[in-house]
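*Asks:* Residue numbers (this note's numbering): 332 to 409.
1. What's the call for residue 376, buried or exposed, on a 16-neighbour Cβ count within 10 Å?
2. Compare the C-alpha of residue 305 against each of 355, 368 and 363 and name the closest.
3. Please go through the same chain and pick out, in chain order, the residues whose beta-carbon is closer than 8 Å to the beta-carbon of residue 358, but skip the five residues on each side of it.
4. Rounded to whole angstroms, what's the CA-CA distance from residue 338 to residue 365? Just pull it up for me.
5. Say yes only if the C-beta of residue 335 is nearer than 8 Å to one or more non-hydrogen atoms of the ligand ZN, and no if none qualify.
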């Protein structure tokens, strides 16, 4: 069985990522660490998803707020 540190590195987390305790210093059990790592999204994949789906975040420009078009029975963004 791989240790939590090995699992984190395999998922692509940086070596200095802290997973063994919370922000108050309370220790997190190994079983919970493994569960958190198993439910995580690989950091590189998360970065790529944001780059592709939210390019406006990278350009530091905001999208205009969408307005609703209520002229038809089915609502849609205009």
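For each residue, glycine too, the CB sits at the ideal point set by N, CA and C.
*Replies:* Straight from the coordinates:
1. Under this definition residue 376 is an exposed residue.
2. Because residue 305 is not part of the residues shown, which for the chain are 332 to 409, the question remains open.
3. Contacts found: 351 and 352.
4. Rounded to whole angstroms, residue 338 to residue 365 spans 8 Å at the Cα level.
5. With respect to the ligand ZN, the structure offers nothing, as it holds no ligand at all.
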